[in-house]
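**Student:**
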Amino acid sequence: MAEIDYKERCEQYEKLLGIGDYDPVKNAFIVYVKMLNQQTEFLNDFKISSHITDTDKDSPKYKRAMEMVDSLPKMITSVDELKSRLKLTKDELRQLQPNNPVFSKITTPESVADNIGNTAGQNM
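Below you can see the structure in the form of structure tokens.
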């Protein structure tokens, strides 16, 4: 009879049941935040002035961008509500996606100045 790897089997059941490190709700939250980030990056690079002509208003890119703009507030609210409903702490958010700038500390003029040579509060 073949040896049974109980640790591997346990991990399979944890994945299947969504327990332990395998929480499908948290994974879905990560996917939702990634989608929000991708839309934000796209809209950040999108220039209305280069797509505002009559012919461009009918373009799929322009239409999709305007749809994203309209849905962005709802997505932001949804992410915030999900974060609250899941009761995720800052530490848990960092563990979910440690390299994602969304979960890093807030950027202020002082923090930017500190990162470019400790010049915060100095008159240049």
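Numbering follows numbering that gives the first Met the number 0, with no gaps: position 38 of the sequence shown is 37.
The C-beta atom is built at its ideal place from N, Cα and C for all residues, glycine as well.
1. According to DSSP, is T76 part of a helix, a strand, or is it coil?
2. Do the CB positions of L42 and I75 come within less than 9 Å of each other?
3. Check whether the Cβ atoms of F45 and A27 lie closer than 9 Å to each other.
4. Determine the burial state of L16: buried for a count of at least 16 other Cβ atoms within 10 Å of its Cβ, exposed for fewer.
5. Beta-carbon separation of L124 and Y31 under 9 Å?
6. Would you mind reading off the limits of the alpha helix (DSSP H) that contains K6?
7. Give every residue of the same chain whose Cβ lies closer than 6 Å to the Cβ of N99, excluding the five residues on either side of it in the sequence, and list them in chain order.
**Tutor:** In short, the structure shows the following:
1. helix
2. no
3. no
4. exposed
5. What the structure shows of the chain is the stretch from 0 to 123, and residue 124 is not part of that stretch, so it cannot be assessed.
6. Y5 to L16
7. Residue confidence for N99 is low, a pLDDT of 49 falling below 50, so the modelled location carries little weight; the figure read from the coordinates is stated next. Cβ neighbours of N99 beyond the five flanking positions: none.
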